[in-house]
Amino acid sequence: MTIPTRFEHTETAIEISKAWDDAGCARAKPNPNKKPFTIVIPPPNVTGALHLGHGLNNTLQDILIRTKRMQGFEALWVPGTDHAGIATQAVVERRLKELENKTRHDLGRDALVKRIWDWKDQYEARIIDQLKRMGCSCDWSRVRFTLDEQCAAAVRATFFDLFSKKRIYRGKRLVNWDTFLQTAVSDDEVINKTEKGHFYHIFYPVVDAKPGEPTRIEIATTRPETLLGDTALAVHPDPEAAFKKSISDLQEKLVNASPNEKIEIALQTKALEQRKTEMLPLLVKLRDMALDGRCVTLPLLGREIPLIADPWAKPEMGTGCVKITPAHDPNDYEVGRRASLPMINILNPDGTLNAEAGPYEGLTIKKARTSVIEDLEKNQLLGDIEDRDIELPLSDRSKTPIEPYLADQWFVAMDELAQSAMDAVSDDRVKIFPVRYRKGYLDWLSEKRDWPVSRQLWWGHQIPIWAATGKTQSEAEALAGEIRNWSEYSSGKLTEQIDADEAGTFSLFVCLRSENRVLESKVQSLGLVRDSDVLDTWFSSALWPHSTLGWPEQTDELAYFYPTSTLVTSRDIITLWVARMVLMGLNNVGEIPFHEVFIHPKILDGMGETMSKSKGNGVDPNDVVDKFGPDALRFGLARLAGDTQDVRLPVQYECPHCEKLIDQTKKNQSAATVDCPECKKTFSTQWAETAEDKSHPRGAVVSERFEAARNFVNKLWNAARFTLMNFDDYSATEVRLEDLPLEDRWLLSRLSTVTHDVTEAINNYHFSDASQTLYDFAWNEFCSFYVEIAKPRLSDESQRAMTQAVMAHGLDTLLRLLHPIMPFVTESIWRYLNKAASERGIPKPSLAPEFLMTADWPTAVKDHYSESIERQFNEFQQVVGAIRSIRASQGIKPKEIVPVAIRCSESSMQLLEPMRIYFQGLAGAEIVSLGPDAKPFEINAPLAITGIDIDVYLDLAQFIDVEAEQGRLEKIVDQIVKQITGKQQKLSNESFVSRAPADVVAKERESLSELQQQLASVKQDLQRLIAKM
RNA sequence: GGGCGUUUGGCUCAGUUGGUUAGAGCAUCUCGUUUACACCGAGAGGGUCGGGGGUUCGAGUCCCUCAACGCCCACCA
């Protein structure tokens, strides 16, 4: 049997993928004879291509799905992508701006959405290609997209349901307004950045100040321009109590404080007390004025606004007095509601000031700030300006400042929904691994904050609401009454709600259950207008586990595959996504969406930062696949990712001219081109946009971390090559366990152990352990020992057939175990193995299936396991290692055969006797005497192996390098003496002997006496050596 | 400010319930073309486990504390 010298990963992968596809290996359908195992992919955003973080995520899912498929489950992995509303629209809008200098308004809604669909098509294709090249065994006949028709139907049904249950409501809320994208973004999409800013002190004149009262009140703010929307000033209702509370809080902290903290607290307390003394009289006065209903004049606009008492004004902060801008600050909004203050919105959606700002109308916020400061200065109402670091909220998507903004939004009421999702995790219906992530999930949900779901975007699921606003109560009810008479109303195709706002005007909201043009125009004919907003992208993501299976239709798939088995995701979307899937699944289907959630580590770059598209440090899995192959990519990721830590993956550019690897740095990772320091030529990166940049050949981004994995693939390939080279005369034979020699029994026992360990590891999501176990076994045991031992046996006719049978079985099992991690190389070898040895297995051979992918998972055969055999073989391995070590230190040429004597017990002799012949191949040694009576040579290189009662002697008569040997022996003496001293100390310690468990003490004594014997023996050899000179 | 996590040889990571001399891969050094593999084989050097304190006969492993780094959440006009 000939098998290529090299494993050609690229063409093999293409060919094998096609074969799997043609055979439908990854397709799944409800099958009553099997148990289902389901995974829904965390749908990647179509904002861009996948990076290695996704690579890891999908590798782990595929390992699970392939394992379960082999274990006999009906394994379904549902693929798909996410429309990622705001993120995708932002990317396309940014490009539109950069390349064509146009805004979305220049294009209009339909044209922009068309452009985004084009973008989506391009990246969806790219993503699916990446997944396929990685070998992901998704059921590709079931690709979903969160904005496709099936998902849209689910979104409509859900919205309708929640609206009917009054869990979706309309509210005026202060939202995070992105002035660039002109949409509200959720709290989760806001990031904070510390910036240098100023703290402006401003004076508000008191209206009709009485004698003894201050004529003006000082406040301090980082946002002076917002004063245009002020509707009050506030002071604490009980400043003295507030001061006392703060001071006593500090005292409380003192109890558990560290020395450094204590100093800090003492200083704070002192400052606070001083402040209290200085400021209390004024604050009390102001409080009295507030209670008296006094007013101040709003600078610049001249409006009279009240001074109010509200606990939000903390006496220990700022000037102790605070301006209240309800329409533009979340805290002020709450104050405004408590005090029924007017709420004045001074902003247009694009971030410029509106008519409420009077003379400042039309200015941007930045310009308005400058003019306001200038004008305050002119009016002598400006006090100190302090420098200060301020936390600037930015929109995660557009990176522009967020403005708190009062707007009408749809909300999902979270109280009951959140509770149901908390319960599912608290009572373990949904298990989260590792468990430490439970807390974050529960804490977040326990806040039960209502979920604002409106987005003022064009890309997404448009809200299925038609509204008639600004009506009187009777008008609204008349309209509603008409609708209620429709037959569609009674058949549940639409529903309505009447809503009154603070100003006393009424709105009628009508929700349609599903897409229905006729009904839509009927509703529109009543004068109702469709809400132009779309839903938060997480709304459709939250339905993913059931919408992909056909809900709201009661499909067979839904009945069979739902709830899904495991969700594999990364920790940063536990709240955003995982929690919402749980509550939506419970609400819609009445059942949890998945039984287990596995949170895997994140891939960081060489500088410790998470990989992401926006940072520019993302590594394209395809680049790694091109260079090292998909199996190496997968194995490398799986082995790297343990369960406790994120994993750092230093990445390099590979110069396309000279193949030099260039470490990625902060600077070059986002560059469009890089100059190679070696050959000085230029190459382009994935960020190259312009024609000029693109004219340079592209440098792949790779990581040498995958080299070891690639080598492993090669090792496996070659072990298979060797095996198959010796299978020309293979014929299936039945082998009896008891006829097999030790080395075969050892292999079978190890296979049993490894099968057990790997199965356990994968079941418990310990992918790294599974990979490591297989790597060690395949390389250090199967290749280094079993194959080496097999060499002489294969040329011995009496052993050849038996050896072939065990080798075939060993390779077969190894391939099965490795397949989920390295599907291509294993499937490829499997084909060759099938050609050479189609029937194989211990004890009874059977015909192997055509595809490894759908073959059975091995079982750990109990009868094959033997602890004593594994231990005995381990002794053999140690003796081999000992001989090799001496040979190396003596500089003995590899071709020289060294005579060796092994003194050991009767039982060890029985073990080693049949292994005698293997010492030559493995260690270049000829065993001249073996057993309890084995005699050392005249000039010995002794080696004692700890833990085993075996002494090994090499006859150095013709090889001796006295100096080297003397050095070696002296070093051994030192080592042994050091250990003996340690043990003697331990054993002479009265409390150790009396308090440590008896068996520990006994073991110490035993090993001490062993060491002493060894020492004596080595010293003797050393003396003999010196005497010889 | 609250929570979670991390800190082990040059690099990337293991280290199960505390118990002999703390492991692996990469890198380094020495030797090597033995009929699968130089993407290989053999051997070697290198860490006292972030600092300090404690519990214990015994601590990388448990407790306290300090420090650094990372992430999440909240946030002060």
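Sequential numbering from 1 applies to the first sequence in my numbering.
Glycine residues also receive a C-beta, built at the ideal position from the N, C-alpha and C atoms.
Keep in mind the model is a prediction, meaning the values are calculated, not measured.
Using only the heavy atoms of the ligand PLP, determine whether one of them is closer than 7 angstroms to the beta carbon of residue i.
| i | result |
| --- | --- |
| Ala-957 | Within the structure as shown, the ligand PLP is missing, as the structure has no ligands at all. |
In angstroms with no decimal places, state the Cα-to-Cα distance between residue i and residue j.
| i | j | result |
| --- | --- | --- |
| Ala-242 | Asp-249 | 11 angstroms |
| Thr-610 | Asn-617 | 8 angstroms |
| Lys-276 | Arg-287 | 15 angstroms |
| Asn-346 | Ile-365 | In the sequence as presented, Asn is not what sits at residue 346; that position holds Ile. For Ile-346 and Ile-365, the distance between alpha carbons rounds to 10 angstroms. |
| Glu-707 | Phe-628 | 7 angstroms |
| Leu-576 | Trp-538 | 7 angstroms |
| Glu-496 | Ser-164 | 8 angstroms |
| Ile-1033 | Ile-662 | This structure cannot speak to residue 1033, because the chain is shown only from 1 to 1029. |
| Lys-471 | Ile-498 | 10 angstroms |
| Thr-673 | Glu-692 | 10 angstroms |
| Ala-152 | Val-322 | 47 angstroms |
| Lys-862 | Ser-752 | 7 angstroms |
| Ser-684 | Leu-56 | 26 angstroms |
| Asn-176 | Gln-652 | 39 angstroms |
| Val-597 | His-51 | 22 angstroms |
| Asp-1031 | Pro-849 | Past the boundaries of the shown model lies residue 1031; the chain is included only from 1 to 1029, so the question cannot be answered. |
| Asn-726 | Leu-716 | 16 angstroms |
DSSP has residue i in a bridge; who is on the other side?
| i | result |
| --- | --- |
| Ser-395 | Val-190 |
| Ala-957 | Its beta-bridge partners do not exist; DSSP assigns none. |
| Gly-921 | Paired residues: none, contrary to the question. |
| Ala-901 | Ser-929 and Tyr-953 |
| His-600 | Ser-570 |
| Pro-452 | Phe-411 |
| Gln-403 | For the record, residue 403 in the displayed sequence is Glu; it is not Gln. Answer is Trp-177, bridged to Glu-403. |
How would you label residue i, buried or exposed, when you count the other beta carbons within 10 angstroms and need 16 or more for buried?
| i | result |
| --- | --- |
| Ser-426 | exposed |
| His-83 | buried |
| Gly-229 | buried |
| Asp-110 | exposed |
| Val-1018 | buried |
| Trp-458 | buried |
| Ile-829 | buried |
| His-546 | buried |
| Ile-1026 | exposed |
| Gly-320 | buried |
| Leu-737 | exposed |
| Ala-478 | exposed |
| Pro-330 | exposed |
| Ser-703 | buried |
| Leu-526 | exposed |
| Arg-1050 | An answer regarding residue 1050 cannot be provided, because it is not within the stretch 1 to 1029 covered by the chain. |
Can you list, in chain order, the residues of its chain whose CB lies under 7 angstroms from that of residue i, leaving out five sequence neighbours each side?
| i | result |
| --- | --- |
| Gln-182 | Pro-349, Asp-350 and Gln-456 |
| Glu-938 | Ala-957 |
| Ile-191 | Leu-394 and Asp-396 |
| Glu-913 | Leu-930 |
| Gln-71 | Trp-857 |
By Cβ distance, which residues of its chain are closer than 8 angstroms to residue i, with the 5 residues on each side in sequence left out?
| i | result |
| --- | --- |
| Leu-519 | Glu-488, Lys-493, Leu-494 and Leu-512 |
| Glu-93 | Thr-103, Arg-104, Leu-112 and Leu-181 |
| Gly-606 | Arg-648, Leu-649, Pro-650, Val-651, Asp-663 and Gln-664 |
Taking 6 angstroms as the limit between beta carbons, can you name the residues of its chain near residue i, skipping five residues before and five after?
| i | result |
| --- | --- |
| Asp-450 | Phe-411, Ala-413 and Met-414 |
| Glu-743 | Ile-789 |
| Phe-873 | Trp-746 |
| Arg-800 | Leu-794 |
| said: Just to confirm the assignment: which complete beta strand (DSSP E) runs, minimum length 3, are found wholly within the stretch 635-696? | reply: 647-649, 652-654, 661-663, 673-675 and 682-684
- Query: Mind pulling the beta strand (DSSP E) runs of 3 or more residues that sit fully within the stretch 466-546?
  - Reply: 494-500 and 506-512
Go through the stretch 782-846 residue by residue and report every complete run of the alpha helix (DSSP H) that reaches 4 residues or more, in order. 788-794, 797-818 and 823-836
Check: Could you give the uninterrupted runs of the beta strand (DSSP E) lying entirely in the stretch 281-305, keeping only those of 3 residues or more?
Finding: 295-297
Residue ranges of each alpha helix (DSSP H) within the stretch 113-184, 4 or longer
149-164
Could you pull out every unbroken alpha helix (DSSP H) segment of at least 4 residues lying fully inside the stretch 39-82, listed in chain order? 52-70
Runs of 3 residues minimum, wholly inside the stretch 424-448: which ones carry the beta strand (DSSP E) assignment? 431-433
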